[in-house]
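Count the sequence shown with the UniProt record's numbering and you get residues 1 to 354, in order.
No residue lacks a Cβ here, since even glycine has one placed at the ideal position from N, Cα and C.
Note that the structure is a prediction, hence the values are computed from the model and not measured.
First up is the structure itself, then whatever we jot down about it.
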Amino acid sequence: MSIGRNEPCPCGSGKKFKKCCGRVEGSAIHGVMQEELESLQRELIDYAMEHYSYEMKKQFQSLLHTYEALRKDPQVYLVAFEIWFILTKPVKNGRTILEEFVAHRASSVKRERTRAIFLTWPRVKFIAGAVKEIQDNVYKVEDVLSRETVSIRARRQLPIEGVFVVGGLLPFEKEHTFFMIDFHFEKQLVPQAEKWLVSQFEQAEETSSQEFLAKDWLSILEGIFVIYDAQKQGEEQSVDYGELTWNKESQEKTADHLLAFLQEEGIGELRQQTAVLLWNVYCQKENPTIRKPEIYTAALYALLQSYQIVETDYSNSKLASRLGVSAASLSKRAKEMEVVLEERLQQGEKAVQV
């Protein structure tokens, strides 16, 4: 259908076509609608502050002492709380602030296509997962609980492929946009955050992942920030292997052998450090003479598995075979080492299960 430049724009904005959709080509209209929808998001926040500031402040204060990790950054905690309250908490007649605002404002949204999207906003979705792919300004995020891949449109492209993202989403036609902001964390956090989140969902009463994410939103963010803080603390206390002291050259060579095997197995940096430190503690206490490094590497790795510090599940016989030692020697040495390292191993087990 041909539209004259001076005719009313078919999008319903009330403007002439040449001053509305006629000035943008193809997918560029997404940018125009995104600006309009972001303006509506700001209006929504203002609406919440104007009409429900007392209710929000009261609940915010009641929760203030519950979330220690979030409380360390008050602005982050405030934004997280506002997202949760505006999108999920019923205020009047069982409706959320979002639902009430959409009903109040929809009729005055001029652009028909923008209004159609705006009317779908009450179909809120929460997301927690890794960014799998970036196409222009659209991010493909795989939700860790549902395994659904969600397309999220952003204003600009950012180099965040692989990071862990958590946020509240509003529909944008076949895609979504974040409400207010998203919270994203480095790639290193992904395995531990996913494992923790799945375990929390398995223990929850909610039957659907969306019910769980919406209801426990603040607790989920708190848990992820705890993991994040623990990893940061570990990085700050990272080991300079050159500073470790060894009584014998064979002990240091065994540390090198252990580290090489851990890297070959794809074990993360923090767990590599834990293993080398455990080996150093053992050497300082027992001062062993090493004739075959493979036996000690196998024995310590078996203990790391036993205390769930590494997540592989080799049997002793398979592990012994991989390192070219006997299963009997491995088991004997592991028992000897466990007597010396048991307390440290227990501490390591607790640390990785945060």
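Determine the contact status of Leu145 and Phe225, defining contact as a CB-CB distance below 7 angstroms. Working through the sequence shown from its first residue, we reach residue 145 at position 145. Working through the sequence shown from its first residue, we reach residue 225 at position 225. Against a cut-off of 7 angstroms, the Cβ pair of Phe225 and Leu145 comes out as no contact.
Sort out for me which residues DSSP pairs Pro90 with in a bridge. Counted from its first residue, the sequence shown places residue 90 at position 90. Paired residues: Thr96.
Name the DSSP beta bridge partners of Pro8, please? For the purposes of this step, residue 8 is identified with residue 8 of the sequence shown, where counting begins at 1. Answer is Lys16, bridged to Pro8.
For Thr274, the residue or residues it bridges with in DSSP: Position 274 of the sequence shown holds residue 274. Beta-bridge partners assigned by DSSP to Thr274: none are found.
Pairing CB atoms from the segment 244-256 with CB atoms from the segment 315-326, are three or more of them under 8 angstroms? no
Three CB pairs or more closer than 8 angstroms across the segment 34-45 and the segment 174-192: yes
Do you know how far the Cα of Glu43 is from the Cα of Pro191? As a working note, residue 191 is residue 191 in the sequence shown. As a working note, residue 43 is residue 43 in the sequence shown. Taking the straight line from one Cα to the other gives about 37 angstroms.
Report the rounded CA-to-CA distance for Leu323 versus Glu294, giving the unit in angstroms. In the sequence shown, counting from the first residue as 1, residue 323 sits at position 323. In the sequence shown, counting from the first residue as 1, residue 294 sits at position 294. Distance from the CA atom of Leu323 to the CA atom of Glu294, rounded to whole angstroms, is 6 angstroms.
Do Ala193 and Phe172 come within 7 angstroms of each other at the CB atom, strictly closer than that value? For the purposes of this step, residue 172 is identified with residue 172 of the sequence shown, where counting begins at 1. For the purposes of this step, residue 193 is identified with residue 193 of the sequence shown, where counting begins at 1. No, Cβ-Cβ distance for Phe172 and Ala193 is not below 7 angstroms.
Need the endpoints of the alpha helix (DSSP H) that Val32 sits in, please. Your numbering for residue 32 matches position 32 in the sequence shown. Val32 -> alpha helix (DSSP H) spans Ile29 to Leu63.
Rounded C-alpha distance that separates Phe101 from Tyr47: Here residue 101 corresponds to residue number 101 of the sequence shown, with the count starting at 1. Here residue 47 corresponds to residue number 47 of the sequence shown, with the count starting at 1. Taking the straight line joining both Cα atoms gives about 7 angstroms.
At least 3 beta-carbon pairs within less than 8 angstroms: the segment 295-306 vs the segment 332-346: yes
Arg156 (DSSP reduced to helix, strand or coil): Position 156 of the sequence shown, counted from the start, is the residue given in the question as residue 156. Coil at Arg156, not helix or strand.
Residue environment, Gln346, which counts as buried when at least 16 other CB atoms sit within 10 Å: To locate residue 346, count along the sequence shown from 1; it is residue 346. Gln346 is exposed by the Cβ-count criterion.
To the nearest angstrom, how far is the alpha carbon of Gln41 from that of Gln273? Here residue 41 refers to the residue found at position 41 when the sequence shown is read from its first residue. Here residue 273 refers to the residue found at position 273 when the sequence shown is read from its first residue. Spanning the two alpha carbons is a distance of roughly 45 angstroms.
Alpha helix (DSSP H) runs wholly inside the segment 279-320, at least 4 long, in chain order: 293-306
Can you find a C-beta in chain C that's less than 7 angstroms from the C-beta of Ser219? Chain labels in this structure do not include chain C; a single protein chain is all it has.
Under a three-way DSSP split, which group does Phe183 fall into? In the sequence shown, residue 183 corresponds to position 183, counting from 1. Residue state, collapsed to three classes: strand.
For a test of the three-state rule: what should DSSP assign to Asp229, helix, strand or coil? By 1-based counting over the sequence shown, the position of residue 229 is 229. Correct three-state label for Asp229: helix.
Which residues in the same chain have their Cβ closer than 8 angstroms to the Cβ of Arg95, if we skip the five residues on either side of it in sequence? Taking the first residue of the sequence shown as 1, we reach residue 95 at position 95. Contacts found: Ala103.
Counted within 10 angstroms of its Cβ, other Cβ atoms place Ala275 as buried (16 or more) or exposed: For this step, residue 275 is matched to residue 275 along the sequence shown. Counting Cβ neighbours within 10 Å, Ala275 comes out buried, since at least 16 surround it.
Measuring straight from C-alpha to C-alpha, what distance separates Glu236 and Glu269? Along the sequence shown, one-based indexing puts residue 236 at 236. Along the sequence shown, one-based indexing puts residue 269 at 269. Caution applies to Glu236, whose pLDDT of 49 falls short of 50 and renders its modelled position unreliable; the value that the coordinates give is listed next. When rounded, the distance between both Cα atoms is 13 angstroms.
Ile152 and Val166: beta carbons closer than 7 angstroms? Residue mapping note: residue 152 aligns to position 152 of the sequence shown, counting from 1. Residue mapping note: residue 166 aligns to position 166 of the sequence shown, counting from 1. For Ile152 and Val166, no; Cβs fall outside 7 angstroms.
Exposed or buried, Gln75, counting other C-beta atoms within 10 Å across all chains shown (16 or more means buried)? Taking the sequence shown and counting its residues from 1, one reaches residue 75 at position 75. With fewer than 16 other Cβ atoms within 10 Å, it is exposed.
Apart from the five residues on each side of it in sequence, which residues of its chain come closer than 6 angstroms, Cβ to Cβ, to Glu222? Position 222 of the sequence shown holds residue 222. These residues qualify, in order along the chain: Tyr67, Ala69 and Leu70.
Residues bridged to Tyr139 by DSSP? Your numbering for residue 139 matches position 139 in the sequence shown. Note: Tyr139 sits in a beta bridge opposite Ile134 and Ile152.
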